[in-house]
Amino acid sequence: MSELSPATSSDTSDFSNVGRARWWRRGFFASQTAYVAAALIVIMIVMSFLSSAFLSPGNLANVAKNFSFVGIVTLGVTLVIVTGGIDLSVGSTMALSAITCAIVMQALSGTALDNIPLAGMLVSLGAGLGVALLIGLANGLLIARVGLSPFVTTLGMLSIVRGLAYAVTEGRGQAPTGPDVNLFYDITDGNIAGVPVAIIYLLVLAAIIGVVLHHTAFGRHIFALGGNEKAAALTGVAVERVKIAVYVLSALSAGFAGILMVGWLGSAPANLATGYELTIIAAAVIGGANLSGGIGGPAGAVIGALLIEVIRNGLVLAGINAYWQIVLVGGIIILAVLVDRLRTLRMTS
3 MSELSPATSS DTSDFSNVGR ARWWRRGFFA SQTAYVAAAL IVIMIVMSFL
53 SSAFLSPGNL ANVAKNFSFV GIVTLGVTLV IVTGGIDLSV GSTMALSAIT
103 CAIVMQALSG TALDNIPLAG MLVSLGAGLG VALLIGLANG LLIARVGLSP
153 FVTTLGMLSI VRGLAYAVTE GRGQAPTGPD VNLFYDITDG NIAGVPVAII
203 YLLVLAAIIG VVLHHTAFGR HIFALGGNEK AAALTGVAVE RVKIAVYVLS
253 ALSAGFAGIL MVGWLGSAPA NLATGYELTI IAAAVIGGAN LSGGIGGPAG
303 AVIGALLIEV IRNGLVLAGI NAYWQIVLVG GIIILAVLVD RLRTLRMTS
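Residues in the sequence shown are numbered from 3 upward in steps of one, following this note's numbering.
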């Protein structure tokens, strides 16, 4: 058999890029996250023209701080959504964790722990996060081991935890006290080089979750679970452990954000973060997380949370009734799912 002629070889190489999509239809640029990021930039430009106050340092600081709380929880909820689950209890978890932290600080004030630097504050922070861990563990065990529906389980937990928040406080806000209270405010509501610490926590956590999702076996197992749970189990993925872990991480992110909000508000009211679960899930879905599982990431979670806050802030600056924000969030969820559906159909056609 004769060798291919140079001309034939050259002709063959000309087909090396057949079927390759344009750059804007590949990778990140083809994702919903990219479209949302582009929409965010456009909206911010429009807002800057409509209101001179939008780009003021004070307003930008408020936007950064407000969206950081939602963004931190959205990171945890995104992990759950990637596995094909849902967590409706995060708003209530934020409240009970914050309340627990504040009450423990009050209880330890005036005790022997006052003589040990940072002891009272660290124990209080541990108590708040410990409550969140228990809530996440309960969700995970009921869903992974007992086999209950994630929607029903976390909806029930939402009611239980919120009820506990009201029962423990009798509806009254709880303010942190003690010798370390000023330091507590510094680490929850302070600034570093003019940047709110909340957004620094958000960016650090987003970077960590990005590494975990895309560069560790645990991250691959999370995506495998959302893609096809039965197939993941057959390939050796510890399905129960991964499910429990993501619900624990979701609850811990909520507990952490709730504690940060105590520093921002100066107290922990029983109605803290009421209704936040809708905004948080909306941020995850807008950022590209697929409620069917298998798709999502920290970049989308951050961008989705920021988009919602920018729109909310714009409505406030425009003097529009705050109740319309609820209508808008629901509409954005439906629109995001519709856009993702149309994009998927276009790319598979």
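C-beta: ideal position from N, C-alpha, C; glycine also.
Residue i in three-state terms, based on DSSP
{"i": "I118", "result": "coil"}
{"i": "I322", "result": "coil"}
{"i": "P198", "result": "strand"}
{"i": "N193", "result": "strand"}
{"i": "A291", "result": "coil"}
{"i": "A235", "result": "helix"}
{"i": "F56", "result": "coil"}
{"i": "L90", "result": "coil"}
{"i": "V228", "result": "Note that residue 228 corresponds to Gly in the displayed sequence, not to Val. Here G228 sits in helix by DSSP."}
{"i": "S1", "result": "An answer regarding residue 1 cannot be provided, because it is not within the stretch 3 to 351 covered by the chain."}
{"i": "T179", "result": "coil"}
{"i": "G112", "result": "coil"}
Beta-carbon proximity check, residue i vs residue j, cutoff 9 Å
{"i": "T156", "j": "I101", "result": "no"}
{"i": "V92", "j": "A275", "result": "yes"}
{"i": "G138", "j": "L236", "result": "no"}
{"i": "A253", "j": "L135", "result": "yes"}
{"i": "C103", "j": "P178", "result": "yes"}
{"i": "I45", "j": "G316", "result": "yes"}
{"i": "L90", "j": "I283", "result": "yes"}
{"i": "S99", "j": "L110", "result": "no"}
{"i": "A307", "j": "F56", "result": "no"}
{"i": "L207", "j": "I74", "result": "yes"}
Cα-Cα separation between residue i and residue j, rounded to whole angstroms
{"i": "G87", "j": "L62", "result": "34 Å"}
{"i": "L347", "j": "R243", "result": "34 Å"}
{"i": "S50", "j": "Y278", "result": "27 Å"}
{"i": "I305", "j": "A285", "result": "8 Å"}
{"i": "L319", "j": "I224", "result": "40 Å"}
{"i": "R343", "j": "L267", "result": "39 Å"}
{"i": "S58", "j": "G302", "result": "26 Å"}
{"i": "V163", "j": "A40", "result": "38 Å"}
{"i": "V106", "j": "V339", "result": "42 Å"}
{"i": "I334", "j": "N193", "result": "32 Å"}
{"i": "M159", "j": "G128", "result": "21 Å"}
{"i": "I261", "j": "Y187", "result": "10 Å"}
{"i": "V84", "j": "H216", "result": "13 Å"}
{"i": "V154", "j": "S161", "result": "11 Å"}
{"i": "I202", "j": "A259", "result": "13 Å"}
Beta-carbon separation (whole angstroms), residue i vs residue j, contact threshold 8 Å
{"i": "I246", "j": "G165", "result": "About 24 Å; that fails the 8 Å criterion."}
Residue i: CB within 8 Å of a non-hydrogen atom of the ligand SAM
{"i": "V318", "result": "In the structure shown, the ligand SAM is absent, as is every other ligand, since no ligand is present at all."}
Margin query: Quick check for students: name the residue ranges of the beta strand (DSSP E) that lie wholly in the stretch 240-320, counting only runs of 3 or more.
Written below: Here no run is fully enclosed.
Check: Along the chain, which unbroken stretches of the alpha helix (DSSP H) at least 4 residues long are found entirely within the stretch 119-177?
Finding: If we require 4 residues or more, the alpha helix (DSSP H) runs fully inside the stretch 119-177 come out as 121-146, 152-171.
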